[in-house]
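Read left to right, the sequence shown gives residues 0 to 415 (numbering that gives the first Met the number 0).
From the three backbone atoms N, C-alpha and C, an ideal C-beta is built for every residue, glycine too.
Read through the structure below, which is laid out as C-alpha cells, and then see the notes.
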Amino acid sequence: MCCLTIRKFADVLPGALSPLKALLLGVLITGSGSATAQCLHSLAVPESFLDDSYTGNSDFNLLIFGNYSATAATVQGKVAVGGNFTFSHASDPFIVGTDLAAPFSTDNFVVNGEFSNTGDSPVQVRGNFRYRQNSSGSDLPVHSPGEGNNGQFSGDLISFATLKTYFENLSADYAAIPVTPGTSSDFSAGIITLTGTGDIRDYVFTLDATQNAVNGISFIDIPVGSSITLNLTGTNYLFNNFSPGTFSGDHVKGLLLNFPDAEQIVVIGLDINGSVLAPQANLQLLAAGTVNGRIILGGNLAQNNVAFSFQHPCIVPDALPVTISYIGFRDEAGSQTLRWTTTHESGFDRFEVLRSIDGTGWAVVGIVPGSNGDREVNTYSFPVSDRDGGRYFRLKMIDRDGSYELSRIVTASFPR
0 MCCLTIRKFA
10 DVLPGALSPL
20 KALLLGVLIT
30 GSGSATAQCL
40 HSLAVPESFL
50 DDSYTGNSDF
60 NLLIFGNYSA
70 TAATVQGKVA
80 VGGNFTFSHA
90 SDPFIVGTDL
100 AAPFSTDNFV
110 VNGEFSNTGD
120 SPVQVRGNFR
130 YRQNSSGSDL
140 PVHSPGEGNN
150 GQFSGDLISF
160 ATLKTYFENL
170 SADYAAIPVT
180 PGTSSDFSAG
190 IITLTGTGDI
200 RDYVFTLDAT
210 QNAVNGISFI
220 DIPVGSSITL
230 NLTGTNYLFN
240 NFSPGTFSGD
250 HVKGLLLNFP
260 DAEQIVVIGL
270 DINGSVLAPQ
280 ANLQLLAAGT
290 VNGRIILGGN
300 LAQNNVAFSF
310 QHPCIVPDAL
320 PVTISYIGFR
330 DEAGSQTLRW
340 TTTHESGFDR
350 FEVLRSIDGT
360 GWAVVGIVPG
370 SNGDREVNTY
380 SFPVSDRDGG
390 RYFRLKMIDR
400 DGSYELSRIV
410 TASFPR
C-alpha cells in the first residue's frame with residue numbers, strides 16, 4: 000500500500016523530480032517499518048540523520064525541535080526533543096512508549112538538551128532514555144525491570160539542525176502539490192469541510208483557515224483508506240473544542256495536517272485524529288485533550304499544566320489480560336487508597352500490587368484476585384496506611400497462563 004501511494008504522489012508532483020523530491024520519495028517508500036506500515040504519510044527520520052550509536056527505528060510519536068515544557072502525559076510511541084525537556088507535575092507521571100513492543104533495548108526517548116524533572120512524579124520510559132545534560136541532578140526516568148536504561152551522550156545522536164531543514168523542505172513539497180481535481184474545501188462557521196470524489200485515492204487540499212477558530216473537520220465523499228494531505232496556510236492558528244462528532248477518527252491513519260508557514264498554533268480542548276507537520280511553529284496546549292497522530296514541531300511545545308495524551312495511530316498494542324480504565328489514589332479518612340477499575344477481564348488470574356522507593360526497584364506488597372465475572376465494570380481498592388516502602392505504585396496484571404503486563408506508575412500523596 001505504501002509504494003502505491005507514493006507512485007500516485009509522484010504522478011501529481013509538477014515537472015521533473017528534483018533531487019530533493021526524489022530523496023523524499025525514496026525515504027517515504029523505504030523509511031517506515033512494519034509497526035507503521037498502515038500510515039499513509041511517512042514522517043520517519045531518515046537514517047542519514049542518526050548516529051551509528053542510535054538504536055531502534057526512527058518513527059517518532061513526538062519530534063520536537065525546540066523545548067518541551069511538559070506536565071502529565073502519556074505517549075504511545077517514541078519521543079525526541081531537540082532542545083530542553085522540563086517536566087513538572089505534583090501527582091501524575093509523564094510516560095513514554097506505553098504501546099511500544101519489545102525488545103525495550105532501543106532508544107525511545109531522546110533529549111538533545113537539558114533534562115529536568117522539577118515535580119513530585121516520575122518520568123517513566125519503556126525503552127532507553129538518552130540525554131545530553133542533567134545539570135540540576137533531578138530524578139532521571141524510571142523503567143520497569145528489563146525495559147531499558149538511562150544513558151548520557153555527547154555529539155549528535157540525532158542531527159537536529161539539518162533534520163529540521165529536511166522537514167521544512169518536506170512540508171514545502173507537500174504544500175506545492177496541486178489540489179486534487181474535482182474536489183473542494185471550505186471553511187465556514189468554524190468547520191473545515193473537505194469534499195472528495197467518492198474514490199479511494201490520494202487527496203490534496205489547500206486552505207487558509209486563520210480567519211476564525213477552527214472547531215472541527217468534516218469529510219464528505221472521502222472513503223476510509225484514502226490519503227489526505229490538508230495544507231493549512233497562514234501563520235497563526237487557533238483550534239478550539241474539536242469534538243468527536245465533527246472530527247471522527249475514521250481517517251486517522253490517512254490524514255496529514257501540514258502547516259508550511261505557521262508560527263503559532265494554540266489548541267483548546269483539542270481532540271484531533273491525524274498527524275501534524277509544522278516545521279516552523281510553536282504549539283500551546285491550553286486544555287486537556289488527545290492527539291491521535293504523530294507530531295513534527297519545529298518550535299517549542301508547552302502543555303501549560305494540562306494533562307494530554309499523544310497516540311500513535313499505527314502502533315498495534317499488545318493484548319492485555321485485563322483492560323484498566325482507571326488507576327489512581329484517593330484520600331479516604333486521612334489515608335491513601337489505591338483504586339483501579341477494569342472494563343474487561345478474560346482468563347485473568349490476579350493483580351500484584353507493587354511498591355517502590357525510587358521507581359526502579361519494586362516489591363510485591365499485596366495480591367488482589369481478579370473478578371472474571373459478568374459485570375462490565377469491576378472496581379478494586381488497596382489501602383496504604385504508612386509511608387514506609389515508598390510512594391510509587393503500579394499493578395502487575397497476571398493471566399492464568401503466567402503472562403503479564405504492568406500498569407502505569409501512580410504516586411501516593413503522603414503528608415509531609
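Tell me where the beta strand (DSSP E) around F59 begins and ends. Within the sequence shown, the letter at position 60 stands for residue 59. Residues F59 to I63.
According to the Cβ coordinates, are A208 and L193 closer than 8 Å? Position 209 of the sequence shown, counting from 1, holds the residue named residue 208. Position 194 of the sequence shown, counting from 1, holds the residue named residue 193. No; because the gap between Cβ atoms is not below 8 Å, this pair is not in contact.
So, using beta-carbon positions, are G195 and I221 closer together than 8 Å? Numbered from 1 along the sequence shown, position 196 holds the residue referred to as residue 195. Numbered from 1 along the sequence shown, position 222 holds the residue referred to as residue 221. Yes.
Just to confirm the assignment, what range does the beta strand (DSSP E) spanning F328 have? If you number the sequence shown from 1, residue 328 lands on position 329. Counting along the chain, the beta strand (DSSP E) containing F328 begins and ends at V321 to E331.
Mapping DSSP to helix, strand and coil, what is A72? Taking the sequence shown and counting its residues from 1, the one referred to as residue 72 is at position 73. A72 falls in the strand class under three-state DSSP.
Over the uninterrupted alpha helix (DSSP H) stretch that includes F166, give me the two end residues. Within the sequence shown, numbered from 1, the residue matching residue 166 stands at position 167. Note, F166: alpha helix (DSSP H), F159 to A175.
Select from A72, F258, F350 and V367 the residue whose C-alpha is nearest the C-alpha of L405. What you label residue 405 is simply residue 406 of the sequence shown in a count that begins at 1. Of the listed residues, the one whose Cα sits closest to L405 is F350.
Roughly how many angstroms separate the alpha carbons of L206 and G248, rounded to a whole number? Along the sequence shown, one-based indexing puts residue 206 at 207. Along the sequence shown, one-based indexing puts residue 248 at 249. The alpha-carbon atoms of L206 and G248 are separated by roughly 21 Å.
Reduced DSSP category for E424 - H, G, I as helix; E, B as strand; rest coil: Examination of residue 424 is not possible in this model, given that the chain is present from 0 through 415 alone.
Give the straight-line distance between the Cα atoms of E331 and W339, rounded to the nearest whole angstrom. In the sequence shown, counting from the first residue as 1, residue 331 sits at position 332. In the sequence shown, counting from the first residue as 1, residue 339 sits at position 340. Near 15 Å, if we compare the C-alpha coordinates of W339 and E331.
Contacting residues, own chain, Cβ-Cβ under 6 Å from S132 (five flanking each side not counted): Residue 132 sits at position 133 when you count from the first residue of the sequence shown. Contrary to the premise, residue 132 reads as Gln rather than Ser in this sequence. Excluding residues within five positions, the ones whose Cβ falls inside 6 Å are E113.
To the nearest angstrom, report how far apart F258 and L276 are at their CA atoms. Position 259 of the sequence shown, counting from 1, holds the residue named residue 258. Position 277 of the sequence shown, counting from 1, holds the residue named residue 276. Cα-Cα distance, rounded: 6 Å.
Run through DSSP, which three-state label would V409 get? For the purposes of this step, residue 409 is taken as residue 410 along the sequence shown, with counting starting at 1. If DSSP states are grouped into helix, strand and coil, V409 belongs with the strands.
Below 6 Å CB to CB, which residues in the same chain sit around G181 once its five sequence neighbours on both sides are set aside? Your numbering for residue 181 matches position 182 in the sequence shown. Excluding residues within five positions, the ones whose Cβ falls inside 6 Å are T196.
Option in V352, V305, N303 and A301 with minimal Cα separation from I326: Taking the first residue of the sequence shown as position 1, residue 326 is located at position 327. Measuring from the Cα of I326, the nearest candidate turns out to be V352.
Compute the beta-carbon to beta-carbon distance between S120 and T336, rounded to the nearest angstrom, for a pair I have assumed lies under 8 Å. For the purposes of this step, residue 120 is taken as residue 121 along the sequence shown, with counting starting at 1. For the purposes of this step, residue 336 is taken as residue 337 along the sequence shown, with counting starting at 1. No, S120 and T336 are not in contact; Cβ-Cβ is about 18 Å, not under 8 Å.
In whole angstroms, give me the CA-to-CA distance for D260 and F186. The sequence position of residue 260 within the sequence shown is 261, counting from 1. The sequence position of residue 186 within the sequence shown is 187, counting from 1. Approximately 18 Å between the Cα atoms of the pair.
Rounded to whole angstroms, what is the Cα-Cα separation between L285 and I267? On the sequence shown, position 286 is the one that residue 285 refers to. On the sequence shown, position 268 is the one that residue 267 refers to. Taking the straight line from one Cα to the other gives about 5 Å.
I190 and S184 closer than 8 Å at C-beta: Residue mapping note: residue 190 aligns to position 191 of the sequence shown, counting from 1. Residue mapping note: residue 184 aligns to position 185 of the sequence shown, counting from 1. Taking 8 Å as the Cβ cut-off, I190 and S184 do not qualify as a contacting pair.
Checking 8 Å against the spacing of the C-beta atoms, do E262 and T234 come in under that value? Indexing the sequence shown from 1 puts residue 262 at position 263. Indexing the sequence shown from 1 puts residue 234 at position 235. The answer is yes: Cβ separation under 8 Å.
Per DSSP, L139 is paired with what? Translated into the one-based positions of the sequence shown, residue 139 becomes position 140. Answer is none; L139 lacks a bridge partner.
Would you kindly work out how many angstroms separate the C-alpha atoms of D348 and G369, rounded to a whole number? The sequence position of residue 348 within the sequence shown is 349, counting from 1. The sequence position of residue 369 within the sequence shown is 370, counting from 1. Those two C-alpha atoms are separated by around 5 Å.
Please check the pair G96 and G76, which I expect to be a contact at CB under 8 Å, by giving their CB distance rounded to whole angstroms. To locate residue 96, count along the sequence shown from 1; it is residue 97. To locate residue 76, count along the sequence shown from 1; it is residue 77. Correct: roughly 7 Å between the Cβ atoms.
Which partner residues of Q335 appear in the DSSP bridge assignment? Locating residue 335 in the sequence shown gives position 336, counting from the first residue. Answer is D330 and V383.
Which partner residues of A362 appear in the DSSP bridge assignment? Reading the sequence shown from its first residue, position 363 is the one you call residue 362. Note: A362 sits in a beta bridge opposite R354.
Could you give the residue range of the beta strand (DSSP E) that holds N239? For the purposes of this step, residue 239 is taken as residue 240 along the sequence shown, with counting starting at 1. That run of the beta strand (DSSP E) goes N235 to N239.
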